[in-house]
Structure formats: structure tokens, C-alpha cells
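Heads up, the thing below is written out as C-alpha cells.
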Amino acid sequence: MKEVFHFNSLNFHFKTIKNKDLESYKEVLYDEALLKCELIYVIVNEAQEKLSPSNSPYYVCKAKFIGNGIPTQDIQIETIRQNLNAFTMTNIALNSYAKLGGTAWTIEKEDKLKDELVIGIGSTLSENGQFVLGIAQVFHNDGRYMTGDCSPLSSFTNYAENLENHLFKTLQPLVEEMSKSGTFRLIFHLFKSASEEYEIKAINGLKERLANYNFEFALVHLAYGHNFRLYYNDGNSDINQGTYIQLSKHSALLHFVSKSDLPLKIDLDKRSTFTSLFYIAKQVYWFSHLSHRSYMPSKKEPLLLCILH
Numbered sequence: 223m224k225e226v227f228h229f230n231s232l233n234f235h236f237k238t239i240k241n242k243d244l245e246s247y248k249e250v251l252y253d254e255a256l257l258k259c260e261l262i263y264v265i266v267n268e269a270q271e272k273l274s275p276s277n278s279p280y281y282v283c284k285a286k287f288i289g290n291g292i293p294t295q296d297i298q299i300e301t302i303r304q305n306l307n308a309f310t311m312t313n314i315a316l317n318s319y320a321k322l323g324g325t326a327w328t329i330e331k332e333d334k335l336k337d338e339l340v341i342g343i344g345s346t347l348s349e350n351g352q353f354v355l356g357i358a359q360v361f362h363n364d365g366r367y368m369t370g371d372c373s374p375l376s377s378f379t380n381y382a383e384n385l386e387n388h389l390f391k392t393l394q395p396l397v398e399e400m401s402k403s404g405t406f407r408l409i410f411h412l413f414k415s416a417s418e419e420y421e422i423k424a425i426n427g428l429k430e431r432l433a434n435y436n437f438e439f440a441l442v443h444l445a446y447g448h449n450f451r452l453y454y455n456d457g458n459s460d461i462n463q464g465t466y467i468q469l470s471k472h473s474a475l476l477h478f479v480s481k482s483d484l485p486l487k488i489d490l491d492k493r494s495t496f497t498s499l500f501y502i503a504k505q506v507y508w509f510s511h512l513s514h515r516s517y518m519p520s521k522k523e524p525l526l527l528c529i530l531h
């Protein structure tokens, strides 16, 4: 961090646990020194990475700390012991820099006359599955990370209301500034099956509260959970990265990994007022080159999808 991003001062607080079981991690979640940190590294092993979120030390810690406004980063103990070379260290530094609000690089805006925000919306459940935490990550369309936070831990009864309030609180200052230069766009990316009762309801409520501003919006669903597969030359040749196939006015496929037959499916909600599916697909593709995990571009996932994991 000091060498690559020129941080002048870094202070570390180390907290050890007795064992590698989930309960040992839980014992330190309320440590006062940890709760004062600006970024927390959670050390796990390779086997723990494969556990379900409810049994995963990292996801349990992440849910707790993000609820206190503290970003987290997991690091495998095997990586520390075997492969902590300069490349690995700079990738960890890059990820940390991004989570602390830094901007490592941007992309050129295609529409230079219009401001635009890209908002990734995700959610995670509490350990017992009874409460839900809404997560919003906001980027400018040139790739700059604007802000990211989470809604209060909610029951399913008040989740939509809390998510709406959280989105309004997060976006309103940015929207106020953008409105000074005219019409702007809000493009929402949803990465799980959006519910009319929750996420869609929250976004509709947000639109009503922003009705005094002049803006276009698009509601975009991104997913790999579909039945489409792509093949070229009877499967004997690779498919070019960035291959775009429009299925309908509101649906398209975008290919990222040349050796794979599984494309990303992009669905544009019919309630959107900005309806250029090709523009949105290009934006998703260029955002895939903005990796905040590594200096290498993402092979499969757009930036927002990585961050919301």
C-alpha cells in the first residue's frame, strides 16, 4: 500500500483466534479495536472458502462488519504461506485501495454530454436467515467508485422501505450535483432474482422521491443462471471475448471467456426509460476490464458483480 499507492501512514491491529471454527471467529466480532478499523482482513483457509454463507467465517464476519460500515477483504492462509510474491501483494493492495475509496483507473466515457451513475444492488441474509441486509455500490459511468454502503439490517417486512431510504440517502447528494448540468441517467444492476415485493418496490419508491429531477433510468438484470450456450464452428473454435447476441428488444447475451460456452445474460426491464440495450451491454463489457481485485482484467464477471459477492 505504501509503495504502490503512496499511503503515508498505516496502522495495523492484529486479532488472533483460538481455532479455525466459526465460533472462534464470532468471539472477536465485537472487539472494540476492530470496530474502529477502516478495513478488516479476514484470514481463512481454502476449505472455508467453499462453505455456504451461513457457515462461512468470512461471510459471517463480512455481514457484521459491513453493518458497521467497515469493508472486509479475505485472504487465504495458504496464499500467505506459499505464494506471497510481489504480484499477489500488489493485487491485495489494489483491492484494499478500492475498498478504502481509492480510484486506481477509469474508462473513457462514451457519452461525454451526459452524467450517469451505475448502481449495483445486492443483498445478503443474516446467519439465521431471518434478516436481510441490502447492499448498494455506486460508480460513475467512467468507472470511478463513488460510494458504497449497506442498509440497516431488516426483517423482510420492512426491507423494501429500508432499502429505499438507504438508496435515497446514498444517491440524493450525487443526484443533486449531477442535476446542475442537465439530464442524467441512473442505471441499476441487479444480480439476484429481483422481487417485486422488495428491490423493485424500493427502486420505484426511489424514483418517486427523485421525481423533481430530470433523469432517465434503466433496470438491468445480469445473470449466468440460464439455459443459453454459445458455440462456434460446431464447438471446434473459441468464441471471441465481447461477442454480443441480441435475443429480443429487452434481452441479450454477452460473452466474456473464449474457452467457455456460457455467456452472461442481460435483461432490460420493460419499465426502463433508457432502453439502449447495446449501450448497456458495452458498458458492462468495459466495466469488466476495471478489476479492483487484480491488475488483470476480469475473465468472467463485471466489476459490480465481483464487488457484490
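Numbered by our numbering, the letters in the sequence shown go through residues 223 to 531 in order. Every residue, glycine too, gets a C-beta built ideally from N, C-alpha and C.
Just the Cα atoms here: how many angstroms apart are residue i and residue j?
i      : j      : result
Asn290 : Asp456 : 52 Å
Asp337 : Ser470 : 27 Å
Ala382 : Leu244 : 30 Å
Ile529 : Gln359 : The pLDDT assigned to Ile529 is 47, lower than 50, so where the model puts this residue is not dependable; a value taken from the coordinates is nonetheless given after this. Whole-angstrom Cα-Cα distance: 8 Å.
Ile461 : Tyr446 : 17 Å
Thr497 : Glu438 : 9 Å
Val506 : Arg407 : 15 Å
Lys402 : Phe229 : 34 Å
Val397 : His388 : 14 Å
Asn436 : Leu393 : 14 Å
His362 : Ser482 : 30 Å
Ile288 : Arg493 : 31 Å
Leu490 : Tyr367 : 23 Å
Pro310 : Lys391 : Sequence check: residue 310 is Thr here, not Pro. So the alpha carbons of these two residues sit roughly 36 Å apart.
Asn532 : Glu254 : The chain is shown only over 223 to 531; residue 532 falls outside these bounds and no answer can be derived.
Asp364 : His511 : 12 Å
His448 : Asn426 : 26 Å
Lys272 : Phe413 : 20 Å
Lys248 : Met400 : 42 Å
Ile307 : Pro395 : The question names Ile, but residue 307 is Asn in the sequence shown. Cα-Cα distance, rounded: 41 Å.
Apart from the five residues just before and just after residue i, which ones in its own chain have a Cβ nearer than 6 Å to its Cβ?
i      : result
Thr465 : His477
His531 : At His531 the pLDDT is 46, less than 50, meaning the model places this residue with poor confidence and gives no usable figure here.
Gln468 : Ala474
Asn380 : none
Pro275 : Tyr281
Leu428 : Glu386, Leu389 and Phe390
Arg431 : Phe390
Lys258 : none
Given that a residue counts as buried once 16 or more other Cβ atoms are within 10 Å of its Cβ, and exposed if not, what is residue i?
i      : result
Ser459 : exposed
Tyr280 : buried
Ala433 : exposed
Lys284 : buried
Thr495 : exposed
Asn277 : exposed
Thr238 : exposed
Gln304 : exposed
Gln293 : The question names Gln, but residue 293 in the sequence shown is Pro. Pro293 comes out buried.
Ala320 : buried
Gly404 : exposed
Leu339 : buried
Ser246 : exposed
Leu232 : exposed
Tyr167 : Nothing can be reported for residue 167: it is not among the residues displayed for the chain, which extend from 223 to 531.
Lys286 : buried
Phe234 : exposed
Phe236 : exposed
Can you tell me the Cβ-Cβ gap for residue i and residue j, rounded? I've got them flagged as a contact below 8 Å.
i      : j      : result
Leu316 : Glu260 : The pair is not a contact, with the Cβ atoms about 16 Å apart (cut-off 8 Å).
His411 : Leu444 : 6 Å
Leu385 : Ala424 : 4 Å
Leu256 : Val264 : 10 Å between Cβ atoms; not a contact.
Ile341 : Ile409 : 7 Å
Going by beta carbon distance, what residues of the same chain come within less than 8 Å of residue i, once the five residues before and after it are set aside?
i      : result
Gln463 : His477, Phe478, Val479 and Ser480
Tyr454 : Asp460 and Ile461
Ile488 : Val442, His443, Leu444, Ser473, Ala474, Leu475, Leu476, Leu499, Ile502, Ala503 and Val506
Phe419 : First, the amino acid is wrong: residue 419 is Glu here, not Phe. Correct list, in chain order: Ala382.
Near residue i, what residues of its chain come up, given a Cβ to Cβ distance below 7 Å and the 5 sequence neighbours on each side ignored?
i      : result
Pro485 : Phe450, Leu452, Leu475, Leu476 and His477
Thr369 : Val360 and Thr392
Does residue i come within less than 7 Å of chain C when only Cβ atoms are used?
i      : result
Ala269 : The chain labelled as chain C is not found in the depicted structure, where only one protein chain is given.
### Query
So, do the stretch 296-304 and the stretch 262-276 have three or more beta carbon pairs nearer to each other than 8 Å?
At 8 Å Cβ cutoff, the stretches touch.
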